[in-house]
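Shown next, in structure tokens, is the structure this report addresses.
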Amino acid sequence: MSGKDYGDRDKSGHDHDHDHNAPESGPALRVKAIETLLVEKGLVDPNALDALIDTYEHKVGPRNGARVVARAWVDPAFKARLLDDAAAAIEEIGLNAGPQGEHLTALENTATVHNMVVCTLCSCYPWPVLGLPPVWYKSAAYRSRAVIDPRGVLHEFGLDLPAGVELRVWDSSAELRYMVLPIRPAGTEHLSEEELAALVTRDSMIGTGIVTGPAEGRAAK
Amino acid sequence: MNGIHDMGGMHGFGPVVRERDEPVFHAEWERRMFALRLAVGARRFFNGDEYRRMIERMPPAQYLAASYYERWLYALENLLIEKGIVERREIDVVMAALRAGATPPHRLIAATDSPAASAASREQDSAAVPEALGSRSRKLRHDQSFHPRFKAGDRVLARNMNPEIHTRIPRYVRGHHGTIYRDWGVFVFPDTHAHGAGAKPQHCYAVEFDGRELWGGDHPAGERFYIDLWEDYLEAAGAEAQSWSGAARRDSLKPGASGRITKRSRKPALKKTASASKNA
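Have a look at this one:
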């Protein structure tokens, strides 16, 4: 799927409601036809669509989750509430446990347990804390292999778990949405909450990565 | 349904390929598609389970060839038609008009509603954004009126079931024993909800399965799998002999047996026995 030709490769982000004489085809044309119909029927407001796009392209993303993780690292009481009811906890710090976050659950990594999240049946993902999923998370390769060869998948992400660490794979088959609470790296005692958040990678919150300290260099993603 | 979407445990898809730049969207139409799905979803013409049911109805070869948002497009288009919100003919007409160079916004189909009604409808729409972004109902989560059949620590069997309708029990857990890890509370049951057959609220549980129970004795040790399963997907371990025909049994965990998972061996001799009992 990552090699898929998406047809309309326009990534400039400019307004597409303008006069565009180049004929569109494939999914671009079909989506435009459906949008046009729904707008004409008064069922969808184009401005509402613009607002939704802006929200998920620019406002909701893994920096939200990183804030949650950093807060949990510095505030044990918040961490306890996060592990008890993550949806309620993220609203404490001003995030909205909206679509795909109503039943958010945080999974704590420890010295002996590493958690990893997948959705084998579709691509369920905790939008409010991680944004929309990357292409690889939605790919057949990840969805098929995360449950039968999770260590092989982690190896491809550059992560080899030490012997003795139990690997727990969570398949988001119902309405629960999972985020991983990664281990705080050693040597970060002097960092502020904001500096800690900057260390937290998206993959560490899916469980395909870990958080490394500033001295060790940033993880790939 | 035993569809192509149920990918857990399949082989042959190769390594997990990651993009270098990972844009949120890869084309303008993906942006519009994403937003349309949320905005239309907020109007509740159909529910999320119906949406998944429709995606799974994509012919398998088409599903594999499609990008993520092409699957969304397939589901949205077909559900809008199924629910009578738009007609396929209308989509064809508008596509032809757009292809011929028509530029929205202006009327491409015969209006069936007055401009005033349309404007009023659009004013209501401004509520669709907060609704699409807002917290949805979580009230079922803690509903005490549905008594749970299981509690944490209970041994259960994921039923060997193969419905042609929509279901959220992945194939790779069916017929396997696990342990209730956590009761998540009461949720709408997708198998009925996806088909207009009611919400059938019931408890949903995180069920823990040992890697070797799911994948066989030569699977690496130290892996556990957690799958969220509704009550109707589960039966008490050992109770399957009463509630379920012996033909469906894959293991022979006796009533009262607890704790350890029965390993399913891949040795040919045992396999023969297992298939013989399966065919009994």
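Residue numbers (our numbering), protein chains in the order written: chain A, 870 to 1090; chain W, 2 to 281.
Cβ coordinates follow ideal geometry from the N, Cα and C atoms, glycine included.
What you are looking at is a predicted structure, and each value in this text was computed from that prediction instead of being measured.
Excluding five sequence neighbours on each side, which residues of the same chain lie with their C-beta closer than 6 Å to the C-beta of residue i?
| i | result |
| --- | --- |
| aspartate 155(W) | Ile181 |
| leucine 918(A) | none |
| histidine 6(W) | Glu57 |
| alanine 248(W) | Per-residue confidence for alanine 248(W) stands at a pLDDT of 38, beneath the threshold of 50, marking its modelled position as unreliable; the derived number appears in the next sentence. There are no such residues. |
| glycine 4(W) | Glu57 |
| tyrosine 1006(A) | none |
| aspartate 923(A) | none |
| arginine 32(W) | Phe26 |
| leucine 271(W) | Residue placement at leucine 271(W) is flagged as unreliable, the pLDDT there being 37, under the threshold of 50; a coordinate-derived value is accordingly withheld. |
| aspartate 233(W) | none |
| arginine 1087(A) | At arginine 1087(A), the pLDDT of 48 sits below 50, so the modelled position is not reliable and the matter cannot be decided from this model. |
Please list the partners that residue i has in chain W, where partner means a Cβ-to-Cβ separation under 9 Å.
| i | result |
| --- | --- |
| tryptophan 942(A) | Per Cβ cutoff of 9 Å: no residues; tryptophan 942(A) is ~24 Å from chain W at best. |
| arginine 1020(A) | Pro221 and Glu224 |
Going by beta-carbon coordinates alone, are residue i and residue j separated by less than 8 Å?
| i | j | result |
| --- | --- | --- |
| serine 992(A) | tyrosine 173(W) | no |
| arginine 1053(A) | leucine 999(A) | no |
| arginine 1046(A) | proline 995(A) | yes |
| threonine 193(W) | glycine 199(W) | yes |
| isoleucine 86(W) | proline 171(W) | no |
| glycine 1056(A) | glycine 1082(A) | yes |
| serine 1013(A) | methionine 55(W) | no |
| glutamate 1025(A) | valine 157(W) | no |
| asparagine 933(A) | leucine 1050(A) | no |
| leucine 921(A) | alanine 153(W) | no |
| alanine 1076(A) | histidine 927(A) | Note that residue 1076(A) is glycine in the sequence shown, not alanine. For glycine 1076(A) and histidine 927(A), no; Cβs fall outside 8 Å. |
| valine 1080(A) | proline 997(A) | no |
| leucine 74(W) | alanine 159(W) | no |
| glutamate 165(W) | methionine 34(W) | no |
| lysine 901(A) | leucine 39(W) | no |
Could you please give the first and the last residue of the uninterrupted beta strand (DSSP E) stretch that includes residue i?
| i | result |
| --- | --- |
| threonine 1077(A) | Where threonine 1077(A) is concerned, there is no enclosing beta strand (DSSP E), given that its DSSP letter is neither H nor E. |
| valine 208(W) | 203 to 211 |
| leucine 973(A) | 973 to 977 |
| histidine 194(W) | Segment 191 to 194 is the alpha helix (DSSP H) holding histidine 194(W); no beta strand (DSSP E) there. |
| methionine 96(W) | Here methionine 96(W) belongs to no beta strand (DSSP E); instead the alpha helix (DSSP H) covers 89 to 100. |
| arginine 940(A) | Premise fails: arginine 940(A) lies in the alpha helix (DSSP H), 931 to 943, not in any beta strand (DSSP E). |
| asparagine 163(W) | Unbroken run through asparagine 163(W): none, as it is neither H nor E. |
| alanine 966(A) | Unbroken run through alanine 966(A): none, as it is neither H nor E. |
Which chain A residues sit within Cβ distance under 9 Å of residue i?
| i | result |
| --- | --- |
| serine 167(W) | Here residue 167(W) turns out to be histidine, not serine, going by the sequence shown. Ordered by position in chain A, no residue passes the 9 Å Cβ test against histidine 167(W), which lies about 10 Å from the chain. |
| arginine 45(W) | The premise fails here: arginine 45(W) is roughly 12 Å from chain A at the closest Cβ pair, so nothing lies under 9 Å. |
| alanine 40(W) | Leu907, Leu912, Val913, Asp914, Ala917, Leu918 and Leu921 |
| arginine 53(W) | Leu990 and Cys991 |
Name the chain W residues whose beta carbon is nearer than 8 Å to that of residue i?
| i | result |
| --- | --- |
| alanine 897(A) | Ala28, Glu29 and Trp30 |
| glutamate 1035(A) | Gly223, Glu224 and Arg225 |
| serine 1042(A) | Arg169, Ile170, Pro171, Ile228, Asp229 and Leu230 |
| glutamate 926(A) | Val25, Phe26 and Arg32 |
| glycine 1000(A) | Val25 |
| valine 1038(A) | Glu224, Arg225, Phe226 and Tyr227 |
| serine 1073(A) | Within chain W, no residue comes near serine 1073(A); the closest Cβ sits about 15 Å away, beyond 8 Å. |
In the DSSP assignment, find the unbroken alpha helix (DSSP H) run with residue i in it and report its ends.
| i | result |
| --- | --- |
| glycine 1021(A) | 1019 to 1025 |
| phenylalanine 35(W) | 29 to 43 |
| leucine 1030(A) | First-last for leucine 1030(A): undefined, no H or E at that position. |
| isoleucine 56(W) | 49 to 57 |
| valine 187(W) | Careful: valine 187(W) lies outside any alpha helix (DSSP H), inside the beta strand (DSSP E) at 178 to 188. |
| tyrosine 1047(A) | Premise fails: tyrosine 1047(A) lies in the beta strand (DSSP E), 1046 to 1050, not in any alpha helix (DSSP H). |
| asparagine 3(W) | Run containing asparagine 3(W): none; DSSP gives neither H nor E here. |
Given residue i, which residues of its chain have a CB within under 8 Å of its CB, disregarding the five upstream and five downstream residues?
| i | result |
| --- | --- |
| lysine 84(W) | Phe46 and Phe47 |
| valine 1016(A) | Val987, Thr989, Val1038 and Asp1040 |
| valine 943(A) | Glu1062 and Leu1065 |
| serine 244(W) | Legend: pLDDT at serine 244(W) = 44, less than 50; position of this residue unreliable, value from coordinates given subsequently. If we look at serine 244(W) and ignore the five residues flanking it on each side, its Cβ neighbours are Glu236. |
Determine the chain A residues that contact residue i at a beta-carbon separation under 8 Å, and present them in chain order.
| i | result |
| --- | --- |
| histidine 6(W) | Leu990 and Cys991 |
| proline 16(W) | Ala1010 and Glu1025 |
| glutamate 83(W) | Ordered by position in chain A, no residue passes the 8 Å Cβ test against glutamate 83(W), which lies about 14 Å from the chain. |
| glutamate 214(W) | Within chain A, no residue comes near glutamate 214(W); the closest Cβ sits about 13 Å away, beyond 8 Å. |
| isoleucine 92(W) | Arg899, Ala902, Ile903 and Leu906 |
| leucine 235(W) | Those within 8 Å of leucine 235(W) in chain A number zero; the least Cβ separation is about 13 Å. |
Can you give me the Cβ contacts of residue i inside the same chain, cut-off strictly under 7 Å, excluding the 5 residues immediately before and after it?
| i | result |
| --- | --- |
| alanine 939(A) | Glu1062, Leu1065, Ala1066 and Val1069 |
| arginine 936(A) | Ile962 and Ala1066 |
| valine 41(W) | Leu77 |
| glutamine 125(W) | Bear in mind that a pLDDT of 49 at glutamine 125(W), under 50, signals an unreliable position, so the number given afterwards is only what the model happens to contain. Same-chain partners within the cutoff: there are none. |
| glutamate 20(W) | none |
| leucine 215(W) | Tyr173, Val174, His177 and Phe226 |
| proline 1019(A) | Met985, Leu1036 and Val1038 |
Determine, using beta carbons only, whether residue i comes closer than 8 Å to chain B.
| i | result |
| --- | --- |
| arginine 932(A) | Judged by its chain identifiers, the structure shown contains no chain B, and its protein chains are A and W. |
Determine the chain A residues that contact residue i at a beta-carbon separation under 7 Å, and present them in chain order.
| i | result |
| --- | --- |
| glycine 154(W) | Result: empty, since nearest Cβ-Cβ is about 17 Å, beyond 7 Å. |
| alanine 36(W) | Leu918, Leu921 and Ile922 |
| phenylalanine 188(W) | Ala1043 and Glu1044 |
Find the residues of chain W that neighbour residue i, judging by a C-beta separation of less than 7 Å, and give them in chain order.
| i | result |
| --- | --- |
| valine 1016(A) | Gly9, Gly10, Tyr173 and Phe226 |
| tryptophan 1005(A) | Val17, Val18 and Arg19 |
*Pair every Cβ in the region 14 to 34 of chain W with every Cβ in the region 56 to 63 of chain W, then say whether three or more of these pairs are closer than 8 Å.*
Too few Cβ pairs lie closer than 8 Å, so no.
*Counting Cβ pairs, one atom from each stretch, are 3 or more of them under 8 Å apart for the region 68 to 82 of chain W and the region 209 to 225 of chain W?*
Judged by Cβ distances under 8 Å, the region 68 to 82 of chain W makes no contact with the region 209 to 225 of chain W, as fewer than three pairs qualify.
_Would the region 896 to 915 of chain A count as touching the region 956 to 971 of chain A if we require 3 or more Cβ pairs under 8 Å?_
Cβ pair count under 8 Å is below three, so no.
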